[in-house]
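Trainee: Let me give you the structure first, and then I'll get to my questions.
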Amino acid sequence: MVIDATTDDRRDIVFLLDGSDDSRRRFPDIQDFMQRKVVDILNVEENGDRVALVQYSRNATPNFYLNSYSSKNDVLNSIRSMRHKVGRPLNTGTALQFVRDTVFTASAGGRRTEGVPQYLFVFSGGRSSDDIMGPAQSLRRDGVRTFSIGTRNADTLELQIISFTPGHSFSVANFNNLDSIHSSVTAVINGVQETPEMSTRVDGVDVVFLLDGSDVMQKGVQSISDFLGQFIEHLDIGPDKAQVAVIQYSNKPTTHFLLNTYSSKIDIMAEVRNINLEGGRSRNTGEALDYVKNNVFNTSSGSRRQEGIPQILILLSGGKSQDDVLVPSESLKAAGIMLLTVAVKYADGAEMQSIAYSPNHEYLLREFSDLSLVRQQLLSAVVSHKDTVRPGLGE
C-alpha cells in the first residue's frame with residue numbers, strides 16, 4: 000500500500016484497526032504492513048502528512064490523533080509499541096462514527112476545511128455487529144476516501160459499502176497476506192475517482208446477466224426482477240450503445256433474450272419485469288458459463304467483442320455448483336470478458352470469488368432484498384472496466 004507523496008503535499012491519514020479478540024494473532028502483521036508500506040514513505044510533519052490510529056472492537060479507542068505527532072519516527076515508534084485492544088463484539092459502524100466525529104475534526108488535527116485530502120484505512124477481520132450504512136455514507140459525504148481491507152472472515156458487502164468506491168475494497172486470506180494487495184492498492188490510491196452518480200447512463204458495453212433459476216431462487220424472483228430493471232435503467236440502450244442479454248440456468252441454461260434481440264430499453268424492461276424462474280433442484284454453473292461464452296458472447300448473438308466493446312457477465316447465484324466452474328470461468332477471462340458475481344442465500348463465497356474477474360468483483364448478499372445495495376457498485380465496476388478494457392480475443 001503506497002501513498003504517492005508527490006501528488007499532494009499534505010494528507011490526513013487515519014488507520015482504523017480491528018482490535019477484537021479474533022484479530023489478536025495476526026495483529027503484528029497489520030502493524031508491520033502499516034510501518035513498511037505506508038508510514039515509512041510518508042512525509043510526516045505538521046505541515047505535511049498527518050497520521051492517526053484508532054483500534055476498535057465493542058467501542059473505539061484512539062492510540063493517537065492527527066495532531067499527536069509531527070515526526071515520522073514518533074508515529075513509527077507508537078505503531079511499533081502499541082498493544083492490541085481486544086474485546087467483543089466488532090462494532091464497525093460505531094467505530095466509523097467515532098472516527099468521523101472525533102478524529103477527522105479540527106480539534107484533533109483534521110484539515111478538511113483547508114482542502115487537505117482525508118484518507119481512512121479500515122482493517123477488518125469479521126462481520127460488524129452494528130449498522131455500517133449510515134456512518135459510511137456520512138464519511139463519503141464528507142469527502143473521506145475510505146479504503147477497506149478485509150480477511151476471508153469479513154463481510155465482503157460490508158467492506159464495499161464502507162469503501163469510497165467498490166474499487167477501494169480489498170480482500171486477503173488473512174492479515175499475514177497483506178503484501179499481496181500492495182500493488183493493487185497502490186494503483187487505486189494513485190488514481191482515486193468519485194463513484195459515478197446514479198444519473199450516469201452507461202453506454203458502449205455488452206452486458207449479459209446469467210441468473211440461477213433453481214428452486215432456492217424462487218422466493219427472490221420479484222427482487223431479482225426489480226434489480227435487473229433498476230440496473231438496466233442506468234444503461235443507454237441501443238445497437239451502437241449498450242446491449243443486454245439475459246440467460247437463466249439450473250440443470251441446463253435457457254436463453255431469455257440475446258444481445259441483439261432488443262434495441263429498445265422499453266422492450267427489455269418489459270421482458271425483465273415479467274421474468275419467471277423455471278426452478279430445478281440442481282445447479283450446473285460451469286455448464287452455464289460455457290454456454291454463455293460459446294452461444295452469447297459471439298457475433299451472431301450480437302456480441303461486439305471483436306470490435307473492442309467491453310464484455311460484461313453478471314452472474315447471480317444462490318448456491319454451490321454441481322459441476323466444475325474453474326475451467327469455464329478462466330476461459331471467459333482469457334477471452335477478455337469481465338465477470339461480476341453476486342452471491343445470495345446459500346452460494347459458495349469461495350466458488351463465486353474464483354469465478355469473478357478479481358476477488359474485488361464478488362458481491363456477497365444475505366438476502367434477495369439486499370440486491371439494491373450492489374446496483375451502483377456494479378455500475379461503477381462496469382464504468383471503471385471501460386477505461387482499461389482491451390479488444391477481446393478472436394472467436
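Under numbering that gives the first Met the number 0, the first residue of the sequence shown carries the number 0, and numbering increases by one thereafter. Quick reminder that beta carbons are idealized off the backbone N, C-alpha and C, glycines included.
List in chain order: all unbroken beta strand (DSSP E) runs of 3+ residues lying wholly within the region 277–323.
Mentor: Listed in chain order, the complete beta strand (DSSP E) runs (minimum 3 residues) inside the region 277–323 are 310–316.
Trainee: Using DSSP with H/G/I as helix, E/B as strand and the rest coil, what is ILE336?
Mentor: The count along the sequence shown starts at 1 and reaches residue 336 at position 337. Three-state result, ILE336: strand.
Trainee: LEU95 lies in the alpha helix (DSSP H); which residues open and close that run?
Mentor: To locate residue 95, count along the sequence shown from 1; it is residue 96. Segment 91–97, the alpha helix (DSSP H) holding LEU95.
Trainee: Does the region 326–336 come close enough to the region 266–282 to have 3 or more Cβ pairs within less than 8 Å?
Mentor: The region 326–336, when compared against the region 266–282, does not touch it at the 8 Å Cβ threshold.
Trainee: According to DSSP, what are the bridge partners of PRO61?
Mentor: If you number the sequence shown from 1, residue 61 lands on position 62. Partner(s): VAL53.
Trainee: Are LYS413 and LEU338 touching if we call contact CB-CB under 8 Å?
Mentor: Beyond the ends of the chain as shown, which are 0 and 394, falls residue 413; an answer cannot be given.
Trainee: How should ILE265 be labelled, buried or exposed, when 16 other C-beta atoms within 10 angstroms of its C-beta is the threshold for buried?
Mentor: Position 266 of the sequence shown, counted from the first residue, corresponds to residue 265. Exposed, because fewer than 16 other Cβ atoms sit within 10 Å of the Cβ of ILE265.
Trainee: Output the distance between the C-alpha atoms of LEU314 and VAL373, rounded to the nearest integer angstrom.
Mentor: The count along the sequence shown starts at 1 and reaches residue 314 at position 315. The count along the sequence shown starts at 1 and reaches residue 373 at position 374. The straight-line gap from Cα to Cα measures roughly 13 Å.
Trainee: Please return the same chain residues whose Cβ sits closer than 8 Å to the Cβ of LEU257, not counting the five positions on each side in sequence.
Mentor: In the sequence shown, counting from the first residue as 1, residue 257 sits at position 258. So the list reads ALA244, VAL295, SER300, GLY301, once near-sequence residues are dropped.
Trainee: Look at the Cβ atom of ASN66, then the Cβ atom of VAL53, and state whether they are nearer than 8 Å.
Mentor: One-based indexing of the sequence shown puts residue 66 at position 67. One-based indexing of the sequence shown puts residue 53 at position 54. The answer is no: Cβ separation not under 8 Å.
Trainee: Ignore the nearest five residues each way along the sequence and tell me which others in PHE208's own chain have a CB closer than 6 Å to its CB.
Mentor: Within the sequence shown, numbered from 1, the residue matching residue 208 stands at position 209. If we look at PHE208 and ignore the five residues flanking it on each side, its Cβ neighbours are VAL245, ILE313.
Trainee: According to DSSP, is ALA355 part of a helix, a strand, or is it coil?
Mentor: In the sequence shown, the residue the question calls residue 355 occupies position 356. Coil.
Trainee: Determine the closest residue to ALA94 out of ASP130, ILE78, ASN259, with distance taken between C-alpha atoms.
Mentor: In the sequence shown, the residue the question calls residue 94 occupies position 95. ALA94 has its Cα closest to that of ASP130, out of ASP130, ILE78, ASN259.
Trainee: How do the region 40–49 and the region 82–93 stand: do at least 3 beta-carbon pairs fall below 8 Å, yes or no?
Mentor: At 8 Å Cβ cutoff, the stretches do not touch.
Trainee: Is there contact between the region 8–27 and the region 116–131, where contact requires at least three CB pairs shorter than 8 Å?
Mentor: Verdict: yes, contact present.
Trainee: What whole-angstrom Cβ distance do ALA342 and GLY348 have, given they're in contact under 8 Å?
Mentor: Locating residue 342 in the sequence shown gives position 343, counting from the first residue. Locating residue 348 in the sequence shown gives position 349, counting from the first residue. Confirmed, Cβ separation roughly 6 Å.
Trainee: May I ask you to report which of helix, strand or coil DSSP gives PHE174?
Mentor: If you number the sequence shown from 1, residue 174 lands on position 175. Helix.
Trainee: Inspect the CB distances between the region 202–219 and the region 159–177 and report whether three or more fall short of 8 Å.
Mentor: Not touching, per the Cβ criterion.
Trainee: Taking the C-alpha atoms as reference points, what is the distance between GLU45 and GLY108?
Mentor: The residue given as residue 45 occupies position 46 in the sequence shown. The residue given as residue 108 occupies position 109 in the sequence shown. Roughly 9 Å separates the two Cα atoms.
Trainee: Please determine, among SER262, VAL98, VAL74, MET351, the residue with the shortest C-alpha to C-alpha distance to GLY237.
Mentor: Position 238 of the sequence shown, counted from the first residue, corresponds to residue 237. Taking only the C-alpha atoms, the option nearest GLY237 is SER262.
Trainee: Could you compute how far the alpha carbon of ARG82 sits from the alpha carbon of GLY114?
Mentor: As a working note, residue 82 is residue 83 in the sequence shown. As a working note, residue 114 is residue 115 in the sequence shown. So the alpha carbons of these two residues sit roughly 33 Å apart.
Trainee: Could you tell me the alpha carbon to alpha carbon distance between ARG49 and GLU361, rounded to whole angstroms?
Mentor: Residue numbering aside, residue 49 sits at position 50 when the sequence shown is read from its first letter. Residue numbering aside, residue 361 sits at position 362 when the sequence shown is read from its first letter. Between ARG49 and GLU361, the C-alpha separation is close to 33 Å.
Trainee: Got a sec, what are the start and stop residues for the beta strand (DSSP E) ILE12 sits in?
Mentor: Taking the sequence shown and counting its residues from 1, one reaches residue 12 at position 13. That run of the beta strand (DSSP E) goes 11–17.
Trainee: Starting from the C-beta of ARG397, find all residues in its chain whose C-beta is less than 7 Å away, skip the five residues before and the five after it, and write them out in chain order.
Mentor: This structure leaves residue 397 out entirely; the chain is present only between 0 and 394.
Trainee: Where does GLY307 land, buried or exposed, given buried means 16+ other C-beta within 10 angstroms?
Mentor: Within the sequence shown, numbered from 1, the residue matching residue 307 stands at position 308. Exposed, since its Cβ has fewer than 16 Cβ neighbours within 10 Å.
Trainee: Look at the Cβ atom of LYS84, then the Cβ atom of SER56, and state whether they are nearer than 8 Å.
Mentor: On the sequence shown, position 85 is the one that residue 84 refers to. On the sequence shown, position 57 is the one that residue 56 refers to. Contact: yes.
Trainee: In whole angstroms, give me the CA-to-CA distance for GLN192 and GLU350.
Mentor: Locating residue 192 in the sequence shown gives position 193, where the first residue counts as 1. Locating residue 350 in the sequence shown gives position 351, where the first residue counts as 1. Confidence is the limiting factor: at GLN192 the pLDDT is only 42, short of 50, which leaves the residue's position unreliable, though a coordinate-based value still follows. If I take the Cα positions, the gap works out to 30 Å.
Trainee: Beta-carbon within less than 6 Å of MET216's beta-carbon, same chain only, minus the 5 sequence neighbours each way: which residues are those?
Mentor: Your numbering for residue 216 matches position 217 in the sequence shown. The answer, listed in chain order, is LEU276, GLY317.
Trainee: So, ASP235 versus VAL201, is the Cβ gap smaller than 8 Å?
Mentor: Working through the sequence shown from its first residue, we reach residue 235 at position 236. Working through the sequence shown from its first residue, we reach residue 201 at position 202. Yes, the Cβ-Cβ distance between ASP235 and VAL201 is below 8 Å.
Trainee: Starting from PRO252, follow the beta strand (DSSP E) in both directions and report where the run begins and ends.
Mentor: Stepping through the sequence shown from its first residue, residue 252 is reached at position 253. PRO252 -> beta strand (DSSP E) spans 252–256.
Trainee: Is it right to say PRO27 is buried, meaning 16 or more other beta carbons lie within 10 angstroms of its own, or is it exposed?
Mentor: By 1-based counting over the sequence shown, the position of residue 27 is 28. Exposed: under 16 other Cβ atoms inside 10 Å.
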